[in-house]
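Residue numbering for the sequence shown follows the numbering used here, beginning at 341 and increasing consecutively.
Note that CB positions come from ideal geometry on N, CA and C, so glycine has one too.
Remember, predicted model here, so these are calculated numbers, not experimental data.
A quick write-up on the structure given underneath.
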Amino acid sequence: MLKLSIHAGLLPDRRPENIMATVDIAYAKKEALADYLIAATVRDKGEQKPQTLENYPRWSGSLWDLAARAIARSLYGDSKIPPSDKPDKRCAYATKLCAVIERYTVDERSQLLAQAELWQQGPERTSYAIKLSEDILGEREAQFQYGTKRMETMDLMMRALSWALFKQDTPGPRPKLILPTSVMVGNEDRFDVASLQEPARTGFARHMAATRPTAKPVEWASTKDYVQFLMEG
């Protein structure tokens, strides 16, 4: 299971007491095009109605893309995500926020996969900047305008992620499933590992190292191994 946690303050100040919202993202169907159960909890509002995010391609996009869509689904359900209102100079605002994505195992151990910091930029309360980082895809940054009469932390974070990933205030088209072109080599379908885009290339390499630790990396990998990676990795 993945857990997105949004905190007041920047990353060095992150602690359980300043959690503003959490979003649990768990498999409902673990396949190449996976279904996820979305369960959000917001400070002062409690648990939100559970939602499902369907047919999302595994190992094909940013973790922050998945997080933005999970937040959007929790906030708006199946409805179309509305654009942000024009920022109101008298709006509520957040000076600093941060977020992390962690992977939790069955025994409740966690692994940090991605982190983000969002802060108010300059004297205008509607001006923000965000910086994202994640395990495989590295860093992204954006500046944007946002302001509503009532602070909605989840909506602010979703808009910030969208600006960093898509240069707009709503999530763009979902990632396409990364499928390599295969050729017949020695009576077996194989593909050039170097042709894979990230994060699939690194994810596949890690999967093979974990499942076959004694095997040497190969340039022409079995298509069957890649299918297994998409289904189980």
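Once the 5 residues before and after residue i are set aside, which same chain residues still bring their CB inside 6 Å of it?
{"i": "residue 500", "result": "458 and 470"}
{"i": "residue 379", "result": "364 and 390"}
{"i": "residue 483", "result": "469"}
{"i": "residue 514", "result": "none"}
{"i": "residue 480", "result": "472 and 504"}
Name, in chain order, the residues that DSSP records as bridge partners for residue i.
{"i": "residue 503", "result": "Beta-bridge pairing links residue 503 to no other residue."}
{"i": "residue 465", "result": "Its beta-bridge partners do not exist; DSSP assigns none."}
{"i": "residue 451", "result": "443"}
{"i": "residue 473", "result": "455 and 479"}
{"i": "residue 488", "result": "432"}
{"i": "residue 561", "result": "531"}
{"i": "residue 344", "result": "363 and 441"}
{"i": "residue 460", "result": "468"}
So, for residue i: in the same chain, excluding its five sequence neighbours on each side, which residues have a beta-carbon less than 8 Å away from its beta-carbon?
{"i": "residue 450", "result": "343, 442, 443 and 444"}
{"i": "residue 387", "result": "379, 380 and 381"}
{"i": "residue 522", "result": "529, 530, 531 and 563"}
{"i": "residue 507", "result": "482"}
{"i": "residue 555", "result": "548"}
Going by C-alpha to C-alpha distance, which of the options sits closest to residue i?
{"i": "residue 448", "options": "565, 528, 396 and 341", "result": "341"}
{"i": "residue 417", "options": "377, 446, 397 and 400", "result": "377"}
{"i": "residue 437", "options": "401, 396, 399 and 345", "result": "345"}
{"i": "residue 486", "options": "479, 480, 465 and 472", "result": "465"}
{"i": "residue 612", "options": "409, 361 and 440", "result": "The structure shown has nothing for residue 612, since the chain only spans 341 to 573."}
{"i": "residue 473", "options": "384, 460 and 454", "result": "454"}
{"i": "residue 426", "options": "488, 561, 355 and 555", "result": "488"}
{"i": "residue 537", "options": "524, 350 and 516", "result": "516"}
{"i": "residue 412", "options": "498, 476 and 567", "result": "498"}
By a C-beta neighbour count over all protein chains shown, 10 Å radius and 16 as the cutoff for buried, is residue i buried or exposed?
{"i": "residue 526", "result": "exposed"}
{"i": "residue 435", "result": "exposed"}
{"i": "residue 495", "result": "buried"}
{"i": "residue 520", "result": "buried"}
{"i": "residue 570", "result": "buried"}
{"i": "residue 353", "result": "exposed"}
{"i": "residue 432", "result": "exposed"}
{"i": "residue 405", "result": "buried"}
Note down, in chain order, each residue of its chain lying with its Cβ closer than 7 Å to the Cβ of residue i, except the 5 sequence neighbours on either side.
{"i": "residue 368", "result": "375, 376, 377 and 392"}
{"i": "residue 461", "result": "467, 468, 469 and 483"}
{"i": "residue 566", "result": "520, 531 and 544"}
Completely contained alpha helix (DSSP H) runs for the region 347 to 420, where each covers 4 or more residues
As far as the region 347 to 420 is concerned, its whole alpha helix (DSSP H) runs of at least 4 residues are 403 to 416.
Restricting to runs no shorter than 4 residues, where is the alpha helix (DSSP H) found entirely within the region 509 to 534?
Under the rule that a run must span 4 or more residues, no alpha helix (DSSP H) segment is found entirely inside the region 509 to 534.
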